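What follows is a set of notes on a single structure, which appears directly below.
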Amino acid sequence: MILKRIAVSLSVQALRATAFAGVAALVLALGASAATTPGETSPEQAPADQSPAGQALTQVTVLPPEITSLKDTPHDAGTSIDIAWQVSPSEASAPGSVLEYKVMRADSPSGEFAEVGATPTASSTYSDGTTLPHRQYWYRIDAIGLTSSASSGVAGPAVSVMQWYNGRTSVLGLVVFCCASILIYISIARRKMGKVFVRRIPALDAFDEAIGRATEMGKSVLYVAGGLDIDDPQTVASMNILARVAEKVATYGTRLLMPCCRAMQMSMARETVKESYLRVGKPDDYKEEDIRYLTDDQFGFVAGVDGIMMRERPAANFYLGAFYAESLILAETGFSTGAIQIAGTAMIDQLPFFVAACDYTLIGEELYAAGASLSEDPVQLGTIKGQDVAKALFVVIIIVGIVFSLAGNPLFYRWFSVH
Amino acid sequence: MRRQLPLAIIFVMGVFTIVTNFIPAKPVADLNQMFRNWYLGIITFFTFLGTINLARVSGERLKEKSRDWQYHIILLMALATQLFLGFYKWSPDALREGSPFMYVYFNLQFPLESTMYSLLAFFMTSASFRAFRARNKEALLLLLAAVVVMLGRVPIGSSIWHGFPSVTEWLMSYPNAAAKRGIMIGIDLGLISMSLRMILGIERSYMQ
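Listed in order, the protein sequences are those of chains B and P.
Heads up: the first sequence is residues 1 to 419, going by our numbering.
Heads up: the second sequence is residues 1001 to 1208, going by our numbering.
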């Protein structure tokens, strides 16, 4: 039990970290790709140009570049130094004579220099992301030509310093504003218990209808929490909704079927549903075997769920969570069985499929708000009101941004750019 | 205490995660990485749990001779075969091309998955047929936009009228991108709101 609780808490802390890590990985991958591509062609490997112009280039003696700037990369963990240089004059006098620039590094000015990276001729900057914090480094740039090379003078020392703030002031400001508006509305809601109005979401109003229909027909309710594990916020949101659905299902005495494609998702779903059955005073009606793991495999899972739909013929299907290509296959199979279908996802590319194939769809943010809306708890509803205030701020920012852009002033755009 | 401890852990970890997005310093990054490694460890443990659950549920269905029990024989046999091929003497090279494990993967599992994926084409046609019925003004607009985009993306479209590709490009780059970004901003705000509810212990339907 404690392990499961820890797993839940870890998933929550991993929500944003996972997203940021993904973006960081992408940026690193692109950076690595850009840095390594030119390095693939070494002077020795370069095909010899036999034309008169090519032969002339082989006779050019490459002149050395010159390091113009060497400084610590700002707002980082102290693991990077930015180097800038003036390109070799040979590039202007004999275009094509320089193949690439190699960035060389040493621990002392007279020490042995080793290559830390290379750039194509068009570049004159490089970020060495392999440095250690608070350590001195000396740099040299080697211009590599067809038959000769030239080195710049040694520059240094440069020291990378560990920073405690990444400089994303605009993002921090927006996050603080969003959190503050939500907290203010939580406080207001606590003082005015039961007086918070939030627009009704049609898909949520249909929950009762769908479960009621399944009960009248004596059929089961199918719930699919998406294809990702509980480190995805959509799965967490789905669990919040599942708690409310399970309460209604338990109250009506209907059977709830929940195939899972992740073992941890299954474990969390079991705990959630069990708690819901306990809340409505029907713990004996809870059937653990109805919430089961099928497979981690995307289309294997789809085949399994489709099979359950065709055999059990549930009267209400809920697809709430993160979905990929399986969304339409599930929704169309469910449609063919005549079930009422309610879907919800924040996967923007899958939303049209759900809108086309399901009776009701929770679009994007509605998935996250659904748990709070269904609870009808004024404090939880207050957070949705706070969210709406933050949304109004974004509308203002977009309008101001359009005005600044039309006026040709890039300041506003730059302030909100994240590097 | 049974409730307070998990809530305290969620609060501390939630706040820590938010803070790590603004602190690049190595000690904080290392701590964050350590927590993520813990999560990976737990995930690995749950993989075994899932496999055991699958075998147990299928075994029970088989024992009870419940409806379609024959399928569970196939499932258990497939599970046992893949486990055997993965763990037996080929195990160090189980993922090597040509190994028995990979042979079964490429010649059985992969074609079956491709078959399921190919169903998408047929389902897309049937869903589009229903979605594009011009029942009202909005549906008519959707139908027109869909026809233009479809014609703009196939060679025959530019043969009919050379402007289809550029109109398609405009539709995708402006109205479509604007709508998508609007939804994405809403999603991010909803995520912040839900995260705060969980960090502050307001949303705890999963643990009451």
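Glycine residues also receive a C-beta, built at the ideal position from the N, C-alpha and C atoms.
Here the structure is a predicted model, which is why all the values come from computation and not from measurement.
Short Cβ contact (8 Å threshold) for residue i with residue j
| i | j | result |
| --- | --- | --- |
| B:R262 | B:D290 | no |
| B:A246 | B:G371 | no |
| B:M239 | B:A225 | yes |
| P:G1190 | B:A369 | yes |
| B:E326 | P:I1187 | no |
| B:A214 | B:A343 | no |
| P:R1061 | P:W1069 | yes |
| B:I399 | B:L320 | no |
| B:G153 | B:Q136 | no |
| B:E100 | B:I144 | yes |
| B:V60 | B:A114 | no |
| B:F353 | B:A331 | yes |
| B:I211 | B:T254 | yes |
| P:T1168 | P:R1153 | yes |
| B:T345 | B:L367 | yes |
| P:G1014 | P:I1160 | no |
| P:M1184 | B:I348 | yes |
| B:A189 | B:V196 | yes |
| B:G334 | B:M310 | no |
| B:C260 | B:Y293 | yes |
| B:P65 | B:W85 | yes |
| B:K102 | B:A92 | no |
| B:T131 | B:S80 | yes |
| B:Q380 | P:E1203 | yes |
| P:G1050 | B:M266 | yes |
| P:L1119 | B:I329 | yes |
| P:L1151 | P:F1164 | yes |
| P:S1128 | B:A356 | yes |
| P:L1076 | P:S1058 | yes |
| B:V171 | B:V403 | no |
Residue closest to residue i, alpha-carbon to alpha-carbon, out of the options
| i | options | result |
| --- | --- | --- |
| B:S149 | B:I186, B:P120, B:S97 | B:S97 |
| B:L374 | B:A206, B:M264, B:A214, B:Y324 | B:A206 |
| B:L183 | P:I1183, P:I1185, P:S1195 | P:S1195 |
| B:V221 | B:T235, B:M258, B:V196, B:I201 | B:M258 |
| P:P1239 | P:L1200, P:A1145, P:I1156, P:S1158 | The requested residue 1239 of chain P does not occur in the structure, where chain P is confined to residues 1001 to 1208. |
| B:R244 | B:D232, B:T125, B:V273 | B:V273 |
| B:G307 | P:M1116, P:I1202, P:R1197 | P:M1116 |
| P:H1072 | B:V87, B:G304, B:L411 | B:G304 |
| B:V396 | B:Y126, B:F412, B:D82, B:H134 | B:F412 |
| B:V389 | B:A322, B:L174, B:M162, B:P89 | B:L174 |
| P:I1192 | B:Q387, B:S405, B:R414, B:A407 | B:Q387 |
| B:A339 | B:V176, B:P133, B:L172, B:R313 | B:R313 |
| B:K219 | B:L351, B:F323, B:S417, B:N317 | B:N317 |
| B:G129 | B:T147, B:M162, B:A122 | B:M162 |
| P:A1078 | P:N1136, P:Y1105, P:E1097, P:S1066 | P:Y1105 |
| P:E1113 | B:Q298, B:D377, B:L406 | B:Q298 |
| P:L1085 | P:M1102, P:G1157, P:L1054, P:S1126 | P:M1102 |
| B:K385 | B:D232, B:C178, B:P410, B:Q234 | B:C178 |
| B:V87 | B:W415, B:A106, B:T121, B:V116 | B:T121 |
| P:T1081 | P:L1108, P:L1141, P:W1038 | P:L1108 |
Paired residues, beta bridge with residue i - DSSP
| i | result |
| --- | --- |
| B:M258 | B:I291 |
| B:P109 | None, per the DSSP bridge assignment. |
| B:Q350 | Looking at the DSSP assignment, B:Q350 forms no beta bridge with any residue, so it has no partner. |
| B:S149 | B:I144 |
| B:G344 | B:L320, B:L362 |
| P:G1041 | P:G1041 is not bridged to any residue. |
| P:A1029 | None; P:A1029 has no bridge partner. |
| P:Q1004 | The partner list for P:Q1004 (beta bridge, DSSP) is empty, contrary to what the question assumes. |
| B:T104 | It is worth fixing the name first, because residue 104 of chain B is Met in this sequence and not Thr. Answer by DSSP bridge pairing, in chain order: B:E115, B:R140. |
| B:K195 | DSSP lists no partner for B:K195. |
| B:I83 | B:L70, B:Y126 |
| B:A189 | Paired residue(s): none; B:A189 is not in a bridge. |
| B:A155 | B:Y139 |
| B:V249 | According to DSSP, B:V249 bridges with nothing at all. |
| B:P120 | B:E100 |
Residue i CB to nearest heavy atom of the ligand COA below 7 Å
| i | result |
| --- | --- |
| B:V280 | As for the ligand COA, it is missing from this structure, which has no ligand bound. |
With three or more C-beta pairs closer than 8 Å as the rule, is the region 158-177 of chain B touching the region 75-84 of chain B? yes
Give a yes or no on contact between the region 276-288 of chain B and the region 1041-1050 of chain P, applying the rule of three or more CB pairs nearer than 8 Å. no
Every unbroken alpha helix (DSSP H) inside the region 1076-1159 of chain P [4 residues or more]: 1100-1104, 1110-1131, 1137-1152
Could you name each continuous alpha helix (DSSP H) segment of 4 residues or more that falls completely within the region 364-405 of chain B, going from the start of the chain to the end? 365-375
Examine the Cβ distances between the region 61-73 of chain B and the region 1004-1021 of chain P and report whether three or more of them are shorter than 8 Å. no
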